[in-house]
Amino acid sequence: MKNHQRPLENVKVVELATFIAAPCCARFLADMGAEVTKVESFEGDPLRYTAVNEGRPAGEEENTSFDLENCNKISVALNTKSPEGRDALEKLIAGSDIFITNWRQSALERAGLDYEGLKKKYPSLIMGYVSGYGETGPDKDLPGFDFTAFYARGGILGTMFDKDHVPMNTIPGFGDQQVGMYLAAGVLAALYRARETGRGEKVTVSLFHTAIWDIAIMLQSSQYGHPSTQFPLSRKHLANPLNVAHKTRDGRWIQIAMPRYDYFYDRFMEILGVPELKGDDRFFPQARLQDNLEEFYEILEGRFATRDLNEWVQALKEADIPYAVAQTWDELLQDRQAWESNCFHEMTYPTGNSRTLVRSPVMFAETPLPEYNRGPYLGEQTRAVLEELGYSREQISAMIEAGAAQSRS
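Under the working numbering, residues 6 to 414 are what the sequence shown spells out, in order.
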């Protein structure tokens, strides 16, 4: 493999953001070789302090959540409400190609960091902006998290569960990570044009719109009013029961995926051990199945309960039927395919513990995997960053003394 330069080397990014979505975007840019400076308040990004939510030890020496979103960055801690801190932030932005933020619009305007103001001073700057609900409309100023704007308002919690049960449990980052990667795609497209034309751009991705995009196929189909699209549904009434997870005799779940129902039907009846159902006009073709969904589901449920998981895996694999075992997270962390396809990285912490961290999913053939350096401690590089901006050591010490900057060292 040739040791190619990483795609974004010599690109400078300033991140003024918290939690997951916007930092995820900046983390991906850092993986691609960009120099990413994370600007934090003296309190630090709240993601530094979410250990109890995630059942992991508190403290900065082993913070897997923060590292996931902030590896390969540097941290400068500034009081941007002070004139000196605000001036340092301005110098950082002036020297950057990309500015990533998730501050609410009103806060950006008060701080003079809104796009209209910035583009007058820096016409080639790319601004990447994460929003809860978008920048127009009656709810554009509502606070947004993926639990609310993505899962709930975005039509996932109200639909994606069995009708006879409660909405799914949510986990942090599920919508945020998607927003971060979509924003990265938009920012890089804008950067390409800026390099060609000198013209900057503001790129916005919202949690709300991202969720709508994710459910778009069935959301659009629901307009026709067919019972199989009126979620939430009982799993017994889904239009294609060959796309449903089924429970095996030993209590495990296995997901099958045969979107071309008519193509797979006869072959799958053989695998199920019910060859007499081949061509049965109650269940085939799929158009006729719709009047007999519950009956067919119960046949499938009964057949899957006759064998253990390993038996089904062998049978489906031999028949080249698309399937996957519904893995637990403990199993996934040991999944050989995940390790050999570079999904994971083993990080050794100052605590002496080794933990498995997740890599971003974009792989290059001609460029090595990026290093996985832990996320910076709060203000770890403040002095170095300010020196690079032209501040003398005496000026930096005075800023720290005056409460305009904070340094770990």
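No residue lacks a Cβ here, since even glycine has one placed at the ideal position from N, Cα and C.
Segment contact: the stretch 192-201 against the stretch 120-138, three or more CB-CB distances shorter than 8 Å; contact assigned. If you ignore the 5 residues before and after Thr-353, its C-beta comes within less than 7 Å of the C-beta of Ser-359, all in its own chain and listed in chain order. His-350: member of the beta strand (DSSP E) spanning 349-353, first to last residue. For the pair of segments examined, the stretch 304-319 was found to touch the stretch 272-289: the number of CB pairs separated by less than 8 Å reaches three.
Contact between the stretch 286-293 and the stretch 259-274 is present: 3 or more CB-CB pairs across the two stretches fall below 8 Å. In this structure Gln-228 is exposed. Its beta-carbon is surrounded by fewer than 16 other beta-carbon atoms within 10 angstroms.
With the rule of 3 Cβ pairs closer than 8 Å, the stretch 88-108 counts as touching the stretch 18-27.
Between the alpha carbons of Lys-283 and Phe-269 lies a distance of about 11 Å. Looking at Asp-181, Ala-389, Arg-364 and Leu-247, the one whose alpha-carbon comes closest to that of Asp-36 is Arg-364.
Annotation: Val-57 to Ala-63 spans about 7 Å, alpha carbon to alpha carbon. Pairwise C-beta distances place the stretch 171-186 out of contact with the stretch 246-258, as fewer than three of them are shorter than 8 Å.
Secondary structure note for Arg-364: it is in no beta strand (DSSP E), with a DSSP letter that is neither H nor E. His-251 carries a strand assignment under DSSP once its states are collapsed to helix, strand and coil. The criterion of a C-beta distance shorter than 9 Å is not satisfied by Lys-207 and Lys-125. Contact annotation: the stretch 9-16 touches the stretch 26-41, with at least three C-beta pairs closer than 8 Å. Within the same chain, Cβ atoms closer than 6 Å to the Cβ of Lys-43 are found at Glu-20, Lys-78 and Ser-80, the five residues on either side in sequence being excluded.
Below 8 Å, too few C-beta pairs join the stretch 198-207 and the stretch 43-52 to call them touching: fewer than three.
Counting the other CB atoms within 10 Å of its CB gives Pro-28 a total of 16 or more, which places it among the buried residues.
Every beta strand (DSSP E) of 3 residues or more that sits fully in the stretch 128-214 is shown, in chain order, as 131-136 and 206-211. For Glu-45, the pairing in a beta bridge is given by DSSP as Ala-82. Checking the DSSP bridge columns, you'll see Gln-225 has no partner listed. For Ala-39, no alpha helix (DSSP H) run applies, since DSSP gives it neither H nor E. Collapsing the DSSP output to three states places Leu-21 in a strand.
Taking all protein chains shown into account, Asp-151 has 16 or more neighbouring C-beta atoms within 10 Å of its C-beta and is therefore buried. By the CB criterion at 9 Å, Asn-107 and Ser-136 fall inside the cutoff.
Considering only Ala-93, Leu-73 and Glu-14, the residue with the shortest C-alpha distance to Ile-25 is Leu-73. For the set His-231, Ser-239 and Leu-97, the Cα lying nearest the Cα of Phe-166 is the one of Ser-239. Inclusion of Gly-180 and Gly-159 in the CB contact set at 9 Å is warranted, their separation being smaller than that value. As computed with DSSP, Thr-106 is found in a beta bridge with Leu-21 and Tyr-134.
In this structure, Gly-90 lies away from Ala-403, with their beta-carbon atoms at least 9 Å apart.
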